[in-house]
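What follows is one structure encoded as structure tokens, with my remarks underneath.
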Amino acid sequence: ECTEILTQVAAASKALDKVGFKLLAANLARCVRDNGEFEDTASLEKLFMTLA
Numbered sequence: 502e503c504t505e506i507l508t509q510v511a512a513a514s515k516a517l518d519k520v521g522f523k524l525l526a527a528n529l530a531r532c533v534r535d536n537g538e539f540e541d542t543a544s545l546e547k548l549f550m551t552l553a
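To convert a position in the sequence shown, counted from 1, into this note's numbering, add 501.
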């Protein structure tokens with residue numbers, strides 16, 4: 502039973518991490534689009550990869 506609980510908690514944690522990352526990525530994309538802070542995609546990709 503403990504193993505099953507730990508497995509479920511680990512799965513839930515990974516799922517929440519993915520959701521959080523997707524929310525962060527969407528917000529970053531919106532900020533960049535609205536503010537036009539990045540002229541080239543390479544700079545944006547570099548910033549995005551620091552979050553991964």
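Note that the Cβ used here is the ideal one computed from N, Cα and C, for glycine as well. Given the structure is predicted, the values throughout are model-derived calculations rather than measurements.
For Asp-518, the enclosing alpha helix (DSSP H) begins and ends at 503 to 536. Between the region 532 to 543 and the region 512 to 524 there are fewer than three inter-stretch CB-CB distances shorter than 8 angstroms, so the stretches are not counted as touching.
By the criterion of a C-beta distance shorter than 7 angstroms, Thr-551 is surrounded by no residue of its chain, once the five residues flanking it on both sides are discounted.
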